[in-house]
Amino acid sequence: MADGQTIRVSVQREAIDLTAEIARMEGEGAGGIATFCGHVRADADATGGGVTSLELEHYPGATEAALLRLATTAAARWSLTAASVIHRVGPMAPGTRIVLVATAAAHRAAALEACAYLIDRLKTDAPFWKREVRGGDARWVEARGGDEAAAARWE
Amino acid sequence: MADGQTIRVSVQREAIDLTAEIARMEGEGAGGIATFCGHVRADADATGGGVTSLELEHYPGATEAALLRLATTAAARWSLTAASVIHRVGPMAPGTRIVLVATAAAHRAAALEACAYLIDRLKTDAPFWKREVRGGDARWVEARGGDEAAAARWE
Amino acid sequence: MVYFSWVREAIGSGEELVDVPPDTATVGALVDWLATTSDGHARAFADRGRLRAAVDQAFVGLDAGIEGAREVAIFPPVTGG
Amino acid sequence: MVYFSWVREAIGSGEELVDVPPDTATVGALVDWLATTSDGHARAFADRGRLRAAVDQAFVGLDAGIEGAREVAIFPPVTGG
Chain R
0 MADGQTIRVS
10 VQREAIDLTA
20 EIARMEGEGA
30 GGIATFCGHV
40 RADADATGGG
50 VTSLELEHYP
60 GATEAALLRL
70 ATTAAARWSL
80 TAASVIHRVG
90 PMAPGTRIVL
100 VATAAAHRAA
110 ALEACAYLID
120 RLKTDAPFWK
130 REVRGGDARW
140 VEARGGDEAA
150 AARWE
Chain Z
0 MADGQTIRVS
10 VQREAIDLTA
20 EIARMEGEGA
30 GGIATFCGHV
40 RADADATGGG
50 VTSLELEHYP
60 GATEAALLRL
70 ATTAAARWSL
80 TAASVIHRVG
90 PMAPGTRIVL
100 VATAAAHRAA
110 ALEACAYLID
120 RLKTDAPFWK
130 REVRGGDARW
140 VEARGGDEAA
150 AARWE
Chain B
0 MVYFSWVREA
10 IGSGEELVDV
20 PPDTATVGAL
30 VDWLATTSDG
40 HARAFADRGR
50 LRAAVDQAFV
60 GLDAGIEGAR
70 EVAIFPPVTG
80 G
Chain V
0 MVYFSWVREA
10 IGSGEELVDV
20 PPDTATVGAL
30 VDWLATTSDG
40 HARAFADRGR
50 LRAAVDQAFV
60 GLDAGIEGAR
70 EVAIFPPVTG
80 G
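Top to bottom, those sequences are chains R, Z, B and V. Under numbering that gives the first Met the number 0, the first residue of the first sequence carries the number 0, and numbering increases by one thereafter. Under numbering that gives the first Met the number 0, the first residue of the second sequence carries the number 0, and numbering increases by one thereafter. Under numbering that gives the first Met the number 0, the first residue of the third sequence carries the number 0, and numbering increases by one thereafter. Under numbering that gives the first Met the number 0, the first residue of the fourth sequence carries the number 0, and numbering increases by one thereafter.
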């Protein structure tokens, strides 16, 4: 890892403070900052019932290690000046931020590609599991085949 | 343009409020939001003098039209739920936000690609001109050949 | 052993200590043996194609060895992000 | 006519009204004629490869026609973002 790269990963029950994360990177003198933020969707299912809550389970220890490995890899591959991955766990209401990836680099293409890499790989390489609650029903979300394909394009 | 697409462009002398823009998109129920934010760099030149100020000139009327055309094109091509392009003009200190592109979509790849498209195309298709002030000297920034190539990959 | 998501729910516990039979060489063999220990384990491990594993917190295939492992995790494909 | 960036500075003004000679068909021909009107214009338009243009606020090449145009802009390659 080159000098001056700031890597931060967090698996937290608290809300994700996007503003603070951007401000932190700007304070470090970032040229360009790319972010991706994912939110709990309130998709209606076949019966018309929307998601009332999403619960995120994870593998403590292994999760943080996986995120750190991804962020470090991205920082090296795209010469980032900073990379942050923040993922929430626990119960969340629709509209809530689940995940934030932020990357800073001197060149915009590097920041944007690294951001896409991190969110793609996080979907297949980090041990999180989603459980949707719709009224009284709860079901574990199935992995999507498209996620494997999206992750594989970075090999 | 499909229903429910919110397009916003702004060419402004005021600071760019990234937090407000994200909050606005989240309030509209976005699934995933990608952003790219560019900042005034304090690059040292060959003589060691850093940028003390950056001035942005633009072509009033034509600029807004160009940004609106780009945002509308991106929204249609990637089925975005929202797209915002905010560009500052006038004098700016190092570290200041020059430009913010934000895109919202149901699918992360769409939001990220549209964000990359907008910042790439903005660099060649929108009439802005940068003038760097280093102490007592000022010079107009030269266009970069790489920008033309980056814009061309979206044809 | 640690379990997550519906694997944990089917087994009814997120953690258990097990004395692995001495001839158990791989994660797959460990799963085969665990499936015989209760109806819950049998249900959790019914479809091997839907199982993923980690040995000492590193992701591995079901054919990975477990010699010297302190912690083996079994779980469904991940769905974060 | 409207000018921006160093084109504007060389000419010393961002705007001017001009009576275009009747046989001036393209942006390039207009630039050729403008370059004869002052030393500043000559300096601004010395290197045609560094000039870009817009007719009625739409980007065009220097070979574009100007018939019926109300506003022609001449400027360097853009450098925003």
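Backbone N, C-alpha and C define an ideal beta-carbon position, used for all residues, glycine too. As the structure is a computational prediction, the values presented were derived from the model and not from experiment.
Discussion item. Is it buried or exposed, P75 (chain B), if we count other Cβ atoms within 10 angstroms and call 16 or more buried?
Written reply: The residue in question, P75 (chain B), is buried, as its Cβ has 16 or more Cβ neighbours within 10 Å.
Discussion item. Buried or exposed for A103 (chain Z), going by 16 or more other Cβ atoms inside 10 Å?
Written reply: buried
Worksheet entry | N- and C-terminal bounds of the beta strand (DSSP E) containing V132 (chain Z) | F127 to R133
Worksheet item: With C-beta atoms as the reference, is L94 (chain V) less than 8 Å away from V30 (chain V)?
Response: The shown model of chain V, from 0 to 80, leaves out residue 94 (chain V), and the question about it has no answer.
Worksheet entry | Where the beta strand (DSSP E) through V26 (chain B) begins and ends | Premise fails: V26 (chain B) lies in the alpha helix (DSSP H), V26 to L33, not in any beta strand (DSSP E).
Worksheet item: If you compare alpha carbons, which of R:G49, R:G60, R:C36 and R:A22 is closest to V54 (chain B)?
Response: The shortest C-alpha separation from V54 (chain B) is found at R:G60.
Worksheet item: Counting only beta-carbon atoms, is G94 (chain R) nearer than 8 Å to chain B?
Response: no
Worksheet item: Is D119 (chain R) helix, strand or coil when you go by DSSP?
Response: Annotated three-state conformation of D119 (chain R) is helix, per DSSP.
Worksheet item: Around the Cβ of Q11 (chain Z), are there at least 16 other Cβ atoms within 10 angstroms (buried) or fewer (exposed)?
Response: exposed
Worksheet item: Are the Cβ atoms of V77 (chain V) and A73 (chain Z) separated by less than 8 Å?
Response: no
Discussion item. Please confirm whether T123 (chain Z) has its beta-carbon closer than 8 Å to some beta-carbon of chain R.
Written reply: no
Discussion item. What would DSSP say about A1 (chain R), mapped onto helix, strand or coil?
Written reply: Any reading at A1 (chain R) must be qualified, since the residue scores a pLDDT of 48, below 50, and its modelled position is unreliable; the value itself is stated next. The answer is coil: DSSP assigns A1 (chain R) none of H, G, I, E or B.
Practice prompt. Just tell me which of B:V19, B:A43 and B:G13 has its CA closest to the CA of A68 (chain B).
Written response: B:V19
Worksheet item: How about M0 (chain Z): is its C-beta nearer than 8 Å to some C-beta of chain R?
Response: A caution first: M0 (chain Z) carries a pLDDT of 44, below 50, which makes its placement in the model too unreliable to give a value.
Worksheet item: Nearest to G94 (chain R) by alpha carbon, out of R:Y116, R:S78, R:S52 and R:R68?
Response: R:S52
Worksheet item: If you draw a straight line from the C-alpha of R23 (chain R) to the C-alpha of G49 (chain Z), how long is it?
Response: In a straight line, the C-alpha of R23 (chain R) is about 22 Å away from that of G49 (chain Z).
Worksheet item: Considering only the beta carbon of each residue, do A70 (chain Z) and I15 (chain Z) sit closer than 8 Å?
Response: no
Worksheet item: Would I15 (chain R) count as contacting chain Z if we go by Cβ distances under 8 Å?
Response: Judged by the 8 Å Cβ criterion, I15 (chain R) is not in contact with chain Z.
Worksheet entry | Beta-carbon neighbours of P21 (chain V), restricted to chain Z and to distances below 7 Å | Under the 7 Å cutoff, chain Z gives no residues; its nearest Cβ is about 27 Å from P21 (chain V).
Discussion item. Is there a C-beta anywhere in chain Z that falls below 8 Å from the one on G48 (chain R)?
Written reply: no
Discussion item. Just checking: is the beta-carbon of V77 (chain B) within a distance shorter than 8 Å of some beta-carbon in chain R?
Written reply: yes
Worksheet item: Cα separation between A19 (chain Z) and L17 (chain R)?
Response: CA-CA distance, A19 (chain Z) to L17 (chain R), rounds to 11 Å.
Fill in: Straight-line Cα distance separating E14 (chain B) from E109 (chain B)
This structure cannot speak to residue 109 (chain B), because chain B is shown only from 0 to 80.
Discussion item. For R152 (chain Z), tell me which candidate among Z:A113, Z:G28 and Z:V132 has the shortest Cα-Cα distance.
Written reply: Among Z:A113, Z:G28 and Z:V132, the Cα nearest to that of R152 (chain Z) belongs to Z:A113.
Fill in: is_contact[E56 (chain Z), chain V] using C-beta, thresh 8 Å
At least one chain V Cβ lies under 8 Å of E56 (chain Z).
Practice prompt. Per DSSP, which residues does L53 (chain R) bridge with? Please list them.
Written response: Within the DSSP secondary-structure output, L53 (chain R) pairs in a beta bridge with R:M91 and R:E131.
Item to complete: Name, going along the chain, the residues of the segment 52–67 of chain B whose beta-carbon falls closer than 7 Å to a beta-carbon of chain R.
Response: A53 and Q56
Item to complete: Could you check if S78 (chain Z) is buried or exposed, using at least 16 other CB atoms within 10 Å of its CB as the buried criterion?
Response: Exposed, since its Cβ has fewer than 16 Cβ neighbours within 10 Å.
Worksheet item: From A148 (chain Z) to E56 (chain Z), what does the alpha carbon distance come to, in whole angstroms?
Response: 23 Å
Item to complete: Identify the contact partners of G30 (chain Z) in chain R, using a Cβ-Cβ distance below 8 Å as the criterion.
Response: Those within 8 Å of G30 (chain Z) in chain R are G37, H38 and R40.
Discussion item. My assumption, with CB atoms under 8 Å, is that E8 (chain R) sits in contact with V84 (chain R). Please give the rounded CB distance.
Written reply: In the sequence under discussion, the amino acid at residue 8 (chain R) is Val, which differs from the Glu named in the question. Yes, they are in contact, since the Cβ atoms of V8 (chain R) and V84 (chain R) sit about 5 Å apart, within 8 Å.
Discussion item. So, for H40 (chain B): in the same chain, excluding its five sequence neighbours on each side, which residues have a beta-carbon less than 7 Å away from its beta-carbon?
Written reply: I10, L33 and A34
Worksheet entry | Presumed contact (8 Å Cβ cut-off) between C36 (chain R) and R96 (chain R), rounded CB distance | 6 Å
Discussion item. Strictly under 8 Å for the Cβ-Cβ distance: is A61 (chain Z) near chain V by that measure?
Written reply: yes
Worksheet item: Relative to the alpha-carbon of H38 (chain R), which residue among Z:Y116, Z:A41 and Z:I21 has its alpha-carbon at the smallest distance?
Response: Z:I21
Item to complete: Compute the Euclidean distance between the alpha carbons of G28 (chain Z) and F127 (chain Z), then round it to the nearest angstrom.
Response: 32 Å
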